[in-house]
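Working notes, structure below.
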């Protein structure tokens, strides 16, 4: 397993902890944006595969998540999370000038990554969206319609067909196991609408991976968002039977292999 180190910077709303897995002779930079309630430490196996493929990998724990400061899972404006992510990308581009950057976002991280691509398209060579919160998310609309958000945590069985994934999630002290916060839901809703209004990422190559049996962020709701966001170069991979966390699914090697193949294609494009 590739080793990593942590570093800290002043984010928009307090200290943000970031992590880097450095390759000896990197060909590209892969930036990871994790999902709601979790943290970047859950992506060590993904980072390891990317490092072996020739990437230096980095990313933050978003504000209010993991080891970063802030009230737990409170996000009042996704643009602020995008700004923190931009600090990480700029740091990597300074340390490794001239290397192409591929941004990989899962779930809420897919929302963050999509918005980043709209705002900073010229900095990216490719975009990977895994089970992204885009388009239409009926669970979000249903929660916002309630007078009071119920204290119902995410069901770990919806993450993967591998029971060990759900068990590790439940036992992880850095994962948030409490209820959603209304301000965060409102911020996600506002960003979904903002992305739809902003439109396409143009010529930027996009890889969309999604579990067919994703009950947290259902496939067809995200498809509407992908269609609004996509440009001329979209690769779609839908995995039969897979649930929400395709990087932690029983066919995770296939999914990660698809990301590596996408990176190879992006890197082979003329500069």
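Numbering (the numbering used here), first residue to last: 56 to 326. Using N, Cα and C, we set each Cβ at its ideal position, and we do this for glycine too.
task: With DSSP as the reference, please indicate the residues paired to residue 181 in a beta bridge.
output: Residue numbering aside, residue 181 sits at position 126 when the chain shown is read from its first letter. According to DSSP, which records beta bridges pairwise, residue 181 is partnered with 157.
query: If residue 314 sits next to residue 183, beta carbons under 8 Å apart, how far is it from one beta carbon to the other, in whole angstroms?
result: The residue labelled residue 314 in the question sits at position 259 within the chain shown. The residue labelled residue 183 in the question sits at position 128 within the chain shown. Indeed, because the Cβ distance is near 6 Å, the residues count as touching under 8 Å.
query: Just reading off the alpha helix (DSSP H) that residue 224 is part of, what are its end residues?
result: Within the chain shown, the letter at position 169 stands for residue 224. From DSSP, the alpha helix (DSSP H) with residue 224 extends over 218-226.
- request: With DSSP as the reference, label residue 115 as helix, strand or coil.
  value: On the chain shown, residue 115 is found 60 positions in, with the first residue counted as 1. If DSSP states are grouped into helix, strand and coil, residue 115 belongs with the strands.
- prompt: What does residue 265 pair with, by DSSP beta-bridge criteria?
  reply: To locate residue 265, count along the chain shown from 1; it is residue 210. Answer by DSSP bridge pairing, in chain order: 293.
query: Does the beta-carbon distance from residue 155 to residue 180 come in below 8 Å?
result: The residue given as residue 155 occupies position 100 in the chain shown. The residue given as residue 180 occupies position 125 in the chain shown. Cβ distance < 8 Å, so residue 155 and residue 180 count as in contact.
field: the region 267-279 contacting the region 224-233, beta-carbon criterion three pairs below 8 Å
entry: no
query: Just how far apart, CA to CA, sit residue 66 and residue 142?
result: Sequence index remark: in the chain shown, residue 66 carries index 11 (1-based). Sequence index remark: in the chain shown, residue 142 carries index 87 (1-based). Their backbone Cα atoms lie some 8 Å apart in a straight line.
query: residue 294 to residue 139, Cα distance in whole Å?
result: As a working note, residue 294 is residue 239 in the chain shown. As a working note, residue 139 is residue 84 in the chain shown. Approximately 31 Å, taken between the alpha carbons.
field: CA-to-CA distance, residue 232 to residue 254, given in whole angstroms
entry: Here residue 254 refers to the residue found at position 199 when the chain shown is read from its first residue. Here residue 232 refers to the residue found at position 177 when the chain shown is read from its first residue. The straight-line gap from Cα to Cα measures roughly 34 Å.
query: From residue 57 to residue 108, what does the alpha carbon distance come to, in whole angstroms?
result: Locating residue 57 in the chain shown gives position 2, counting from the first residue. Locating residue 108 in the chain shown gives position 53, counting from the first residue. Approximately 12 Å between the Cα atoms of the pair.
message: Is it buried or exposed, residue 257, if we count other Cβ atoms within 10 angstroms and call 16 or more buried?
response: Walking along the chain shown from the start, residue 257 turns up at place 202. Looking at its Cβ environment, which holds fewer than 16 other Cβ atoms inside 10 Å, residue 257 is exposed.
task: Would you kindly work out how many angstroms separate the C-alpha atoms of residue 185 and residue 159, rounded to a whole number?
output: Locating residue 185 in the chain shown gives position 130, where the first residue counts as 1. Locating residue 159 in the chain shown gives position 104, where the first residue counts as 1. Residue 185 and residue 159: Cα-Cα distance of roughly 8 Å.
message: Based on DSSP bridge pairs, tell me the residues matched to residue 72.
response: Here residue 72 corresponds to residue number 17 of the chain shown, with the count starting at 1. Residue 72 pairs with 63.
- request: Take the Cβ of residue 70 as the centre, count every other Cβ of all protein chains shown within 10 Å, and call the residue buried at 16 or more, exposed below.
  value: Taking the chain shown and counting its residues from 1, one reaches residue 70 at position 15. Burial call: exposed.
task: Rounded to whole angstroms, what's the CA-CA distance from residue 62 to residue 115? Just pull it up for me.
output: Walking along the chain shown from the start, residue 62 turns up at place 7. Walking along the chain shown from the start, residue 115 turns up at place 60. Near 9 Å, if we compare the C-alpha coordinates of residue 115 and residue 62.
task: With a threshold of 16 other CB atoms inside 10 Å of the CB of residue 95, please say whether the residue is buried or exposed.
output: Numbered from its first residue, the chain shown carries residue 95 at position 40. Classification of residue 95: buried, given that the 10 Å Cβ count is 16 or more.
query: So what does residue 83 bridge to, in DSSP terms?
result: Start at 1 with the first residue of the chain shown, and residue 83 comes out as number 28. 110.
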